[in-house]
Amino acid sequence: MEEHDHLKGLKFADQFPRGEVEIDLLIRIDHYYNIVLNEIKRVDTSKPTAVKTIFGWVQIPNNYEQAERRLQQLEKKLINNDKRAKEYDEVIKNYIEGGWIGETDVRDGIPGKTWYLPHHAVYRDDKTTTRCRIVFDASAKYHGTSLNDFLDPGPPLQNQILDILI
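All residue numbers for the sequence shown refer to the UniProt record's numbering, where the first residue is 1 and numbers rise by one.
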């Protein structure tokens, strides 16, 4: 972290770089604001962001470049296939009109609470209605972390097979 001037001299809660580590402590979300202090160090979206906690400074990954790179890869594939590009555009427009997605500015994100969700298009030529669908990749890892790592899956919504059989 010493190569980033805005983070020099901070005492980090974790040492970087690091490999896989065991979990030392699990903290319920309702205790989050008892731990996070009101201080953030950031320069812009291309640099790491650090958040001060009672344990020290914690670096929160900013995956903007990863999501942008994935979008550029998708655009490269679509640039040579007008039919698929049109189908993709239609699906995106439908998602926007339905209110499921929306445009945002990079500066709108709250540091440490913003995750840019990579996506890709899946095409099924054997389908007559929905030939293109968008798959959002919440399991995409960035610096060893994914959006799924922060989400509580909750209880299963389907019936458990053992309960059905008994």
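Cβ coordinates follow ideal geometry from the N, Cα and C atoms, glycine included.
{"Item": "Close Cβ partners of N148 (< 7 Å) along its chain, the five nearest in sequence each way excluded", "Value": "A138, S139"}
{"Item": "Reduced DSSP secondary structure (H/G/I, E/B, other) of A140", "Value": "coil"}
{"Item": "Local conformation of N34 per DSSP, three classes", "Value": "helix"}
{"Item": "Endpoints, beta strand (DSSP E) assigned at Y123", "Value": "119 to 123"}
{"Item": "Alpha-carbon spacing of D108 relative to C132, whole angstroms", "Value": "29 Å"}
{"Item": "Pick from I161, N38, I134 that is closest to K52, judged by C-alpha positions", "Value": "N38"}
{"Item": "Check whether P118 and Q72 have beta carbons under 8 Å apart", "Value": "no"}
{"Item": "K93 versus H120: straight-line alpha-carbon distance, rounded", "Value": "15 Å"}
{"Item": "Residues near H143 by beta carbon distance below 6 Å, same chain, minus five either side", "Value": "P61"}
{"Item": "Nearest-angstrom Cα separation, counted from V36 out to W57", "Value": "9 Å"}
{"Item": "Residue closest to N34, alpha-carbon to alpha-carbon, out of A50, K41, Y64, F55", "Value": "F55"}
{"Item": "Through-space distance from D30 to E90, alpha-carbon basis", "Value": "40 Å"}
{"Item": "CB-CB length for R84 against Y123, believed under 8 Å", "Value": "6 Å"}
{"Item": "Beta-bridge pairing of K77 - partner residues as DSSP gives them", "Value": "In DSSP, K77 forms no bridge with anything."}
{"Item": "Assigned exposure category for W115 - 16 Cβ within 10 Å defines buried", "Value": "buried"}
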